[in-house]
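Here the sequence shown stands for residues -19 to -1, 1 to 406, numbered as in mature numbering (1 follows the signal peptide of the UniProt record, and there is no 0).
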Amino acid sequence: MRKWIACLFALLLPLTMIACSNRKVAEEGEQTQGKTVINFWTFGVTGYDKLIKEYEKTHPNVKIKNQNAEFNDHHNRLFNAISTGSGAPDVTMIEVGAIEKYRDAQTRFNNLYDLGAKELQSKYLDWKWKIGESADGSFLFGLPTDIGPTVMYYRTDLFKQAGLPTDPQEVAAKIKTWDDFEKAALQVKEKTGKPMLDNVELIYNARRDQAPETYFNRKDELIIESSPYVKRAYDYTVKLIKQGVVGNQNLWTPEWGAAMKNGGYATMLSASWMNAQIKGNAPDSKDVWAVTAIPEGAGNWGGSYLAIPKESKHAKEAYEFAKWLVSPENQLKSFKDAGLFPSTPELYDKPEFTEFEDEYFYNDNITPVFAAAAKKVKPVYTGKNYQIAQAEIIKALQNVQTKKADPEAEWKAAIERIKKQIERQ
């Protein structure tokens, strides 16, 4: 009898699965029948699901299908769809660091200026908007979502131990320049025995992001041998390495997170969204970490755009949804729900934004620090081979730190590796 029941179950299971599958398809069909379906591709934590439901409620003839994936999977899938001309969504997120790889495929996207985007430009930070344009400014790839203005996170306990101020405004006044930062780093090392910084990458990035140009010009020609800015950032980082004030906790490693929790380094120069990483890695460090300005300006790390592939059959409807999603009022909701820092400066003076408090940090009211940093960012062309150059420079700095390699020899070797990789593109 048991064998007979088992056999019957084995026969019925596939039929049950088919029935369930058909019912699911039927239900989805009922939900989308007579509606315009907008396929929307996203990555990471956005909080957009809540807003999508709100949009569908006010637009009953539209159904938004959101497919969320991991960062690399999302961009690889999008690149393959754009390259083959098949399978692209109606609206897609593109991260700011990845947008350059799609510039050669401009014809595979809708020019959002043709859909009326020019009227929105004044609502967004100028530098954020410009990054989403073509080199000549005639084509707009995407509407701006969030940004990642960079600030200085610092541990008040280590600063106090080192004899430095702990109040954010006093720290900003004390550490105005990169020379000031170096002096403070030496003081932290002498008084606490701890490095000022977590790793070579973030201090190098902080200096690099304040430059008017980095690795390539707008013709995608490598310029780091003739332009002084990247070399200055490199040399400054080397100087701090030799002084022993730079830690060796690489980003995203368990050691990096543990040192964040246990006071393994005094500062971290990073983006606004890094506040969630600090709280996650050091949940018991309330009022220990504080936020203030980076010396001499700010850069940007992160943020995205909403683009509409040419393949979309609903470009107009997709644009209306994208425009609504990144409006100032909805960027405020995304900030409150998911911590996405808005690229719409009109919010920066609104009480519900300026008075927003995070009790974890020493200075509860951290949004004005991020907003001030956002206003200091300048648009910098990165180029489609940006990641190649960045990886090789960081490799050179890590060799200087861990292998005691000659900095000049590493600099020259990095440039040669960059050139060879670009030639193979």
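Here a beta-carbon is modelled for each residue, glycine too, at the ideal position from N, C-alpha and C.
Bear in mind the structure is a predicted one, so any value in this text is a computation, not a measurement.
ask   = So, is residue 407 buried or exposed, given that buried needs 16 or more other C-beta atoms within 10 angstroms?
value = With the chain covering -19 to 406 only, the question about residue 407 has no answer from this structure.
request  = Could you give the DSSP three-state label for Trp159: helix, strand or coil?
outcome  = helix
key: Best match in Asn198, Thr23, Glu301 and Tyr94 for proximity to Pro360 [C-alpha to C-alpha]   = Asn198
Straight-line Cα distance separating Leu121 from Arg4 = For Arg4, the predicted structure reports a pLDDT of 45, less than 50, and the residue's modelled location is therefore unreliable. A value from the coordinates is still provided. In a straight line, the C-alpha of Arg4 is about 42 Å away from that of Leu121.
ask   = When the Cα atoms are used, what is the spatial distance from Gly283 to Ala386?
value = 31 Å
ask   = What did DSSP end up calling Arg58 once you bin it into helix, strand or coil?
value = helix
ask   = From Gln402 to Asn53, what does the alpha carbon distance come to, in whole angstroms?
value = 20 Å
query = Roughly how many angstroms lie between the CA atoms of Glu35 and Gln258, to the nearest whole one?
reply = 29 Å
Range covered by the alpha helix (DSSP H) that runs through Trp282 = Per DSSP, Trp282 belongs to no alpha helix (DSSP H); it is in the beta strand (DSSP E), Asn281 to Ala288.
request  = Check the DSSP bridge columns for Lys44 and list the partner residues they point to.
outcome  = Val18
task = Return the CA-CA distance between Ala279 and Pro193, expressed in angstroms with no decimal places.
result = 12 Å
inquiry  = Quick check on Pro264: buried or exposed, where buried means 16 or more other Cβ atoms within 10 Å of its Cβ?
reply    = exposed
key: Bridge-paired residues (DSSP) for Met249   = Tyr134
task = Could you tell me which uninterrupted beta strand (DSSP E) segments, each at least 3 residues in length, are contained entirely in the region 71 to 137, listed from first to last along the chain?
result = 72 to 76 and 123 to 136
ask   = Where does Trp392 sit, in a helix, a strand or coil, going by DSSP?
value = helix
key: Contact set for Ala288: own chain, Cβ-Cβ below 6 Å, skip 5 residues either direction   = Thr73, Ile75, Phe90, Phe122 and Gly123
key: Distance CB(Thr131)-CB(Ala252) smaller than 7 Å   = yes
task = Only counting runs of 3 or more residues, tell me where the beta strand (DSSP E) segments fall wholly within the region 210 to 258, in order along the chain.
result = 248 to 252
key: Closest Cα partner of Asp107 within the set Thr363, Glu404 and Val358   = Val358
request  = Specify the secondary structure class of Val152 as computed by DSSP and reduced to three states.
outcome  = helix
query = Cα-Cα, which of Asp30, Ile205 and Ala271 is closest to Lys393?
reply = Ile205
task = Report the rounded CA-to-CA distance for Ile222 versus Lys170, giving the unit in angstroms.
result = 12 Å
request  = Look at the alpha carbon of Val381 and the alpha carbon of Gln150, and state the distance between them as a whole number of angstroms.
outcome  = 34 Å
ask   = In this structure, does DSSP put Ala372 in helix, strand or coil?
value = helix
inquiry  = Please state whether the Cβ-Cβ distance between Leu178 and Tyr246 is less than 7 Å.
reply    = yes
ask   = Which residue from Ala352, Lys291, Glu298 and Asp268 puts its Cα closest to that of Ala62?
value = Lys291
Beta carbon of Ile128 nearer than 7 Å to that of Phe322 = yes
request  = State the Cα-Cα distance for the pair Thr234 and Asn366, rounded to the nearest angstrom.
outcome  = 26 Å
task = Measure the CB-CB distance between Phe24 and Asn47 and report whether it falls below 7 Å.
result = no
ask   = What are the boundary residues of the alpha helix (DSSP H) that Val181 is part of?
value = Val181 to Arg189
ask   = Is there contact between the region 296 to 307 and the region 335 to 355, where contact requires at least three CB pairs shorter than 8 Å?
value = no
task = Within its chain, find whatever has a CB closer than 7 Å to the CB of Ala116; leave out the 5 residues flanking it on each side and keep chain order.
result = Arg199
ask   = Helix, strand or coil: how does DSSP classify Leu(-5) here?
value = At Leu(-5) the pLDDT is 45, less than 50, meaning the model places this residue with poor confidence; the figure from the coordinates comes in the next sentence. In the structure shown, Leu(-5) sits in a helix (DSSP, three-state: H, G or I).
key: Span separating the alpha-carbon of Lys242 from that of Asp201   = 41 Å
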